[in-house]
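S.K.: Take a look at the following structure, please.
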Amino acid sequence: MIQIIIFLRYHTHTHTHTHSHSHSYSIGWVGFIVLLIIILRLIVKHEEKKILKEGNEARTRLREIGKRIPVMYDKLEIKSNCWIQEIEVGSGTDSHNEHVDVNLNVIIFKITFDNIHFREEYRIDMEPQILKMKLAIQKELSFYYDPNNVEDNFLDFEFLFDN
């Protein structure tokens, strides 16, 4: 990666023609900026994968060593707020506005188990009727927590995103 940046810098300074020097210099900077954007996107993708992997490992660990509490879906409080948001897509003369459905569902889970009080909120982006239907079909969910660190817990919603 450093070699590419050095090449781009070297490439922009090696031209001897005065009329092409500024043109090559700007192409070099454009190349550098494009390369920088690509590198940043790769870093972001890597970090996203890392976070997802850590989350999966934590859930797997809690399923193995944690305590499981069965939770009936009708014991969950669901608050939904849906709206249509207008967003601009594209840029310049190719830009246009599109309407996007936004579904903000907050699932509130409260339970006392072994003298431990849990109150958790989960935000799920899904059409409210589909969310309620999937919860009703599932009937029972699983809440896992680490008895040594009750802050380390999760309500298993993975079934919501299975096709």
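With the numbering used here, you'll find the sequence shown wraps up at 271, consecutive numbering, no jumps.
Idealized CB from N, CA, C, for every residue including glycine.
Can F251 and I192 be called in contact, C-beta distance under 8 Å?
M.R.: For F251 and I192, no; Cβs fall outside 8 Å.
S.K.: Is the region 203-211 touching the region 232-241, taking contact as three or more C-beta pairs under 8 Å?
M.R.: Yes: the two stretches touch, three or more of their Cβ pairs being nearer than 8 Å.
S.K.: According to DSSP, what are the bridge partners of I219?
M.R.: Answer is F226, bridged to I219.
S.K.: Which class does P178 belong to by DSSP, given the choice of helix, strand or coil?
M.R.: If DSSP states are grouped into helix, strand and coil, P178 belongs with the strands.
S.K.: If you follow the beta strand (DSSP E) that L263 is in, where does it begin and where does it stop?
M.R.: L263 -> beta strand (DSSP E) spans 257-263.
S.K.: Is M180 near the ligand ZN - that is, is its Cβ less than 7 Å away from at least one heavy atom of it?
M.R.: With respect to small molecules bound, the structure shown includes none, and the ligand ZN cannot be examined in it.
S.K.: Beta-carbon separation of L184 and I215 under 8 Å?
M.R.: Yes; because the gap between Cβ atoms is below 8 Å, this pair is in contact.
S.K.: For the beta strand (DSSP E) that contains K240, what are its first and last residues?
M.R.: That residue, K240, is in no beta strand (DSSP E); its alpha helix (DSSP H) goes 236-246.
S.K.: Report the residue from V138, F140, S188, D270 whose alpha carbon sits nearest the alpha carbon of T245.
M.R.: Here the sequence assigns Ile to residue 245, which means Thr is not the residue at that position. Taking only the C-alpha atoms, the option nearest I245 is D270.
S.K.: According to DSSP, is D270 helix, strand or coil?
M.R.: Looking at D270 - three-state DSSP - the assignment turns out to be coil, as it is neither helix nor strand.
S.K.: Could you compute how far the alpha carbon of I173 sits from the alpha carbon of I146?
M.R.: Their backbone Cα atoms lie some 41 Å apart in a straight line.
S.K.: Quick check: what's the CA-CA separation for N223 versus N257?
M.R.: Cα to Cα, the separation comes out at about 14 Å.
S.K.: Tell me the rounded alpha-carbon separation between M109 and E266.
M.R.: A caution first: M109 carries a pLDDT of 44, below 50, which makes its placement in the model too unreliable to give a value.
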